[in-house]
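J.: Under the working numbering, the sequence shown has 34 at position 31, and the numbering climbs by one with no breaks.
Note that beta-carbon positions come from the ideal geometry of N, C-alpha and C, so glycine has one too.
Everything numeric in this text was worked out from a predicted model, so none of it was measured.
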Amino acid sequence: MLFLVAALAAPAIGPALYGGLHAHPKAVRLVDGFVYLAVPLLVAWQVVPFAREDRGLVVPLLVLAGLVLPNLFERASRAFEAHTDNFAIIVGLSGLALHALLEGAALGSGGTVALAFGLAIVLHRIPVSLVIWWLIRPRHGTWAGVAGVAAIVLATLVGYLLAASLGSGEHGSGVEYYQAFVSGTLVHVVFHQGRHDHQHHHHHE
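1. Apply the 10 Å Cβ neighbour rule to PRO18 and answer buried if 16 or more other Cβ atoms are within range, or exposed otherwise.
2. Does DSSP put LEU40 in a helix, in a strand, or in coil?
3. Please determine whether the Cβ atom of GLY36 lies at a distance below 8 Å from any heavy atom of the ligand GTP.
4. Between the Cα of LEU99 and those of LEU157, GLU77 and GLY113, spot the shortest distance and give me the residue it belongs to.
5. Does DSSP put LEU165 in a helix, in a strand, or in coil?
6. Along the chain, where does the alpha helix (DSSP H) that runs through PRO130 open and close?
7. Which residues mark the beginning and the end of the alpha helix (DSSP H) in which SER112 is found?
8. Please list the terminal residues of the continuous alpha helix (DSSP H) segment that includes LEU189.
9. In the region 57-103, which residue ranges form an unbroken beta strand (DSSP E) of at least 3 residues, counting only runs that do not cross its ends?
10. What is the DSSP secondary structure of HIS27, reduced to helix, strand or coil?
11. Rounded to the nearest angstrom, how far is the Cβ of VAL125 from that of ALA9, given a contact under 8 Å?
Right under this line is the structure:
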């Protein structure tokens with residue numbers, strides 16, 4: 004229960020860090036740099052363990068597809084660009100929420116949660132919420148950012164409450180394949196539209 008409470012509270016730290024650091028102009032680029040580093044690490048956290056088990060090219064190819072397909076749609080028509088990036092944000096958020104759901108189920112499995120595992124879940128909620136806030140807040144406003152972070156909190160709680168029916172974190176390869184694809188879209192939106200949004204924001208500051 005202690006790890007659950009901590010995992011539900013930790014996402015509030017990301018937006019607080021963003022707000023505090025953005026009050027100091029010299030720290031703004033530090034936040035941006037942290038996000039550019041955190042996203043590949045989050046992708047690795049979600050994808051690499053299953054890629055090792057799968058021992059094939061499916062997982063890397065799905066990550067690549069998630070990274071490349073939005074670019075192809077945008078190049079097909081500039082009219083699709085804004086819609087594609089917004090859709091990619093939603094898809095990326097769904098992958099993070101799905102991962103939070105499964106971690107919540109693992110916390111609610113009824114067994115003893117290993118200290119290292121519990122701490123890992125709690126601590127990585129901070130960069131996850133920071134990335135979500137960094138992506139959504141400048142483009143769609145504060146309440147949209149709150150909704151994005153709240154989705155992670157809600158998914159964790161639902162996973163915990165439904166741990167028995169979710170198999171205590173056990174799931175099929177389809178879930179992992181989906182997470183691989185949306186991880187690619189998350190990388191795309193951070194390094195493409197996220198960078199554009201923040202460069203534009205810094206320019207006006």
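T.: With the given structure in hand:
1. Classification for PRO18: buried.
2. Secondary structure at LEU40: helix, using DSSP grouped into helix, strand and coil.
3. For the structure depicted, the ligand GTP is absent and the ligand set is empty, with no information on it obtainable.
4. Distance from the Cα of LEU99 is smallest, within the candidate group LEU157, GLU77 and GLY113, for LEU157.
5. DSSP places LEU165 in the coil class of the three-state scheme, outside both helix and strand.
6. That run of the alpha helix (DSSP H) goes 118-143.
7. Element bounds for SER112: n/a, residue is neither H nor E.
8. Unbroken alpha helix (DSSP H) run through LEU189: 176-192.
9. Runs of the beta strand (DSSP E) spanning 3 or more residues and lying entirely within the region 57-103 do not occur at all.
10. The answer is coil: DSSP assigns HIS27 none of H, G, I, E or B.
11. That pair is a contact at about 4 Å.
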